[in-house]
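J.: I'd like to ask some things about the structure below.
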Amino acid sequence: MKNIPDILKNRIKTIIFKVKELEKTIFDNLFKTKSEFNNKTYFNQKILNINDFCFDDYNFKNNNYQKNMFLKGRFNYLGSGWVYCGYNSDVLGFDNVKYDSNILLKKIDNNGFWLESLINRSNLKSSKKIWKKIRNPRYIPLDWQKDYKSGYRWNLKNTSSGINKNIGKKYGVDIKTPWELSRMHHLLLMAILSVYNSKDAYSTINYFHDNILDFISLNPPRYGVNWVCTMEVSIRVINMLLAFDIFKQLDKLNILDDTFTEIFLTSVYEHGLHIFENLEFNSKFTTNHYLSNIAGLIFISRYLKPDKTTINWLHFSINELVKETEKQFYDDGGNYESSSCYHKLSSEILVYSFSVLLGMEQNILKHLKKNYQKMKISPNKCMYSIIKKEEDYKICFSDRLIKKFFKIGVFLKDIMKNNNNIPQIGDNDSGHFIKLSSYGEFMSNSEAQEKYLNLKGYINYLEKNEYKESYYFDENNLNVESLIGCFKGIFLTDKEFNNGSKLEESFIKNLSGNNKLKIAVEENKENNIQRGEKYFLLKNSLKYLKKQTFIGKNLKYKLKNYFYPESGIILFKSDELYLCFYSTPVGQNGNGGHSHNDKGSVELVINNCEILKDPGSYIYTADPKRRNLYRSTPSHNCISVDNIEQNNLENSVEKIFKLKETYKSEILEFNDTTATMLITYKNIKNLRTVKIYNNKIHIIDRCNKRFEINKSTVSYSNGYGKLYK
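Residue numbers (the working numbering): 5 to 729.
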């Protein structure tokens, strides 16, 4: 194909891809997509020891409330409110849009005849067989295919590849909501709660048994909404495995018997096959999606009995984990997706994955060492090493990697506010990798409806369905105490990560076999940047000037500053002040999928009062125009010149995860109390200075054109799908 023009090459590749896709669809419609149980899926051994979990700071009330809701089939994800997620359920709607997509079912019978209207013919027999194993005749099956905000329902008889092509085509429909439910975070939360309070164990183990069988029977591989995105497949199987590990240790009555275990582990293996065959790799840039794929293979390979397939998965995924850590994080520790919340998600993936690798059993390490010796992999192509010390094998990583990994955790700790929340720089989809516990607050249902626009009609919904609970639990997804605890669990240092959750710290120690990474903590280097000629030239030539003043007390007491040059973030922190001044790259090697037009923005907290804060993200494909509104320059705490965007935004669904870089920024001054940035775009030059005094803050803007200080008119969103009034 050397002499064929590129445009023709691309067309040929597209045709070949479509033919293969069609061939696969025809095959899936003719033959069942589920696997038979085989020796490959034997459970290796438990990883966790539930007796070692530390519950010193565990919030039983938060998690018990959620457990009780889950048992009733009610979930609150991505701003849905605590709604019922079974069949024939009602929803609040999205922006006054509600789809009536409920299906009329026959009686939900124990023999699975009701599945005939849902499952494609090739998978129906195996789905019925699995459904018959449900223990509790009163178990409430979940509608795994439904967006329980808008009410739209995907057809389970459609292949996942076909569904993927239509994402974002209908207003108000959000594919992330069924994905979030199917991540199975609720099962791990219930498992942890059952360790803390063993009185719950019988009911939660039974629920786990039936909920897993419900999912497996109603989600045959490659059909429906829950096999569209490999990231979702990866996160789901990890939470399934960890919950199974815990419940198996609590299961005194053998509820999770051999029959269940056979079905469960077959599904785990199917998840592994799907992940490996559908990796979200892109040669131009990779993201948190690909990281999660790698993590999924690591967990599956650790839990299943070692064989040629799982060892190959494991070797591949360890190598890729190291490569992606180097690729997706800057040397200063920040994440290259230019989003604080995606930094949180990706670093969560790393810390759990590396913990699992550090805790690998001797038999797996032996298999790994034999594998790459047999394959004659050269040392420079293998991103890790396995050494034998006396009789024991041990996995080792480079000092450079460990140092970067440590900086990733330090970056998170540094951007954290005094209330343990992080600022919303760039996108926030409220994503979690593994959830052991929840942070948030309780309020009355009327207070919740009054606080959030997305809960319009919530009181009527409760009354209509005769729900009697007095309180509403509102989860805080910006809190990072749990992740700080994870970093404390994996690193051998007493100087960092002291504000973390003890449960997560003990969980990481469990996964890693208490094998911690050693790091030499570096002293903070002086990063002062003195004003130069360029600063003074600009200061004198930019004729339009405005100054904002914010009053406070004792702002400079124990004041510290932090500079992350590659990430484009400057911080000033004291007991009475939090100031984050940032101009991040668009990220993702120029794709800008999770970046906002927030260059030069400031987040400001004075005397524990939030003065300036980023408005958040609110929504993705359900409303492309609203998504871009929350990404726009006028929505952020920077300046505007005639509403000109720093980087161009496009409202088409295909381009709402792109942001072509047209701006430039430069730090011209940085010291103990002052920082100055130059932001330039489309013939606009903005010199912005923040200056800290003991009793006030100045933000001074100079520009070559008339400008306005943005006073954001968009409602604040503190999490995906959540919108303040």
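Backbone N, C-alpha and C define an ideal beta-carbon position, used for all residues, glycine too. No experiment lies behind these values; they were computed from the predicted model shown.
If you draw a straight line from the alpha carbon of I209 to that of V199, how long is it in whole angstroms?
T.: Looking at the two C-alpha atoms, the distance is approximately 11 Å.
J.: Assuming contact is defined by CB atoms lying nearer than 8 Å, are K153 and T181 in contact in what I supplied?
T.: Yes, the pair counts as a contact, with Cβ atoms nearer than the cut-off.
J.: According to DSSP, is F212 part of a helix, a strand, or is it coil?
T.: F212 falls in the helix class under three-state DSSP.
J.: Would you check if there are 3 or more beta carbon pairs closer than 8 Å linking the segment 94–114 to the segment 473–486?
T.: Taking 8 Å as the limit for Cβ pairs, the verdict is that the segment 473–486 does not touch the segment 94–114.
J.: Suppose contacts are defined by Cβ-Cβ distances below 8 Å. Is I419 in contact with L581 by that definition?
T.: Not in contact: I419 and L581 (Cβ atoms no closer than 8 Å).
J.: Measuring alpha carbon to alpha carbon, tell me which residue in S389, L672, N127, E537 is nearest K161.
T.: Ranking the options by Cα distance to K161, first place goes to N127.
J.: Mapping the DSSP letters down to three states, classify N690 as helix, strand or coil.
T.: Strand, per DSSP.
J.: To the nearest whole angstrom, what separates the beta carbons of Y548 and K709, a pair I think is in contact under 8 Å?
T.: With a Cβ gap of about 7 Å, Y548 and K709 count as contacting.
J.: Can you tell me whether R692 is buried or exposed? The criterion is at least 16 other CB atoms within 10 Å of its CB, across all chains shown.
T.: Buried: at least 16 other Cβ atoms inside 10 Å.
J.: Going by alpha carbons, who is nearest to Y211 out of P225, L222, L192, M681?
T.: That would be L192, whose Cα lies nearest to the Cα of Y211.
J.: Going straight from the alpha carbon of K686 to that of V101, what length do you get?
T.: If you take the alpha carbons of K686 and V101, they lie about 38 Å apart.
J.: Flag this pair as touching only if the segment 160–177 and the segment 242–250 have three or more C-beta atom pairs under 8 Å; answer yes or no.
T.: With the cut-off at 8 Å, the segment 160–177 and the segment 242–250 do not touch.
J.: Using 8 Å for Cβ pairs, my map puts Y346 next to D431. What's the rounded Cβ distance?
T.: That belief holds up - the Cβ atoms of Y346 and D431 are roughly 6 Å apart, short of 8 Å.
J.: For the pair the segment 673–687 and the segment 641–650, tell me if three or more CB-CB distances fall below 8 Å.
T.: A contact exists between the segment 673–687 and the segment 641–650.
J.: Short of 6 Å in beta carbon distance, which residues of its chain neighbour L253, apart from the five on each side in sequence? Order them along the chain.
T.: One point to set straight first is that residue 253 is Gln, not Leu, in the sequence displayed. Excluding positions up to five away in sequence, the list reads I54.
J.: How many angstroms separate the CA atom of S130 from the CA atom of N323?
T.: Each residue's alpha carbon lies about 36 Å from the other.
J.: Excluding the 5 residues preceding and the 5 following K603 in the sequence, name in chain order all residues of the same chain whose CB lies nearer than 7 Å to its CB.
T.: Only S587, C642, Q650, Y667, S669, I683 meet the Cβ criterion.
J.: For N140, which residues from the same chain have a beta carbon less than 7 Å from its beta carbon, with the 5 sequence-adjacent residues on both sides left out?
T.: Excluding residues within five positions, the ones whose Cβ falls inside 7 Å are N210, D214.
J.: Tell me the residue span of the alpha helix (DSSP H) that contains T290.
T.: Note, T290: premise wrong, no alpha helix (DSSP H); not H, not E.
J.: If distances are taken between C-alpha atoms only, which option among L583, P310, I399, N159 comes closest to E607?
T.: Of the listed residues, the one whose Cα sits closest to E607 is L583.
J.: At which residue ranges does the segment 487–561 contain complete beta strand (DSSP E) runs of 3 or more residues, listed in the order of the chain?
T.: Fully enclosed beta strand (DSSP E) runs of 3 or longer: 548–555.
J.: In its own chain, which residues sit with a C-beta less than 6 Å from the C-beta of S305, not counting the 5 before and 5 after it?
T.: Cβ neighbours of S305 beyond the five flanking positions: T314, W317, L318.
J.: Between Q534 and S571, what straight-line distance do the alpha-carbon atoms span, to the nearest angstrom?
T.: The alpha-carbon atoms of Q534 and S571 are separated by roughly 20 Å.
J.: If we ignore side chains and look at the alpha-carbon of each, how far apart do L283 and T234 end up?
T.: Taking the straight line from one Cα to the other gives about 7 Å.
J.: Reducing DSSP to helix, strand and coil, say where K380 ends up.
T.: Low confidence applies here, because K380 scores a pLDDT of 49, under 50, leaving its location unreliable; read the following figure in that light. Three-state result, K380: coil.
J.: In chain order, which continuous runs of the alpha helix (DSSP H) of length 4 or greater are located wholly inside the segment 356–427?
T.: Whole alpha helix (DSSP H) segments, 4+ residues: 366–378, 403–419.
J.: The beta strand (DSSP E) that contains G444, what's its start and end?
T.: First-last of the beta strand (DSSP E) with G444: 444–448.
J.: Check each candidate in D498, A452, E614, F554 and name the one with the smallest Cα separation from I703.
T.: The shortest C-alpha separation from I703 is found at F554.
J.: DSSP three-state label for I51, please.
T.: If DSSP states are grouped into helix, strand and coil, I51 belongs with coil.
J.: Take E509 as the anchor and find which of N297, K562, Y465, F59 has the nearest alpha-carbon.
T.: Checked all of N297, K562, Y465, F59; the closest Cα to E509 is F59.
J.: Let me know the secondary structure DSSP gives T678 once reduced to three states.
T.: DSSP places T678 in strand when its eight states are reduced to three.
J.: What do you get for G725, buried or exposed, if any count of 16 or more other CB atoms within 10 angstroms of its CB means buried?
T.: The residue in question, G725, is buried, as its Cβ has 16 or more Cβ neighbours within 10 Å.
J.: From L559 to I701, what does the alpha carbon distance come to, in whole angstroms?
T.: About 9 Å.
J.: Ignore the nearest five residues each way along the sequence and tell me which others in N503's own chain have a CB closer than 6 Å to its CB.
T.: Answer for N503: I488, listed in chain order.
J.: Can you give the beta carbon distance from L217 to K137, rounded, assuming they're within the 8 Å contact cut?
T.: Contact flag correct, Cβ pair sits at about 5 Å.
J.: Let me know the secondary structure DSSP gives T313 once reduced to three states.
T.: Residue state, collapsed to three classes: helix.
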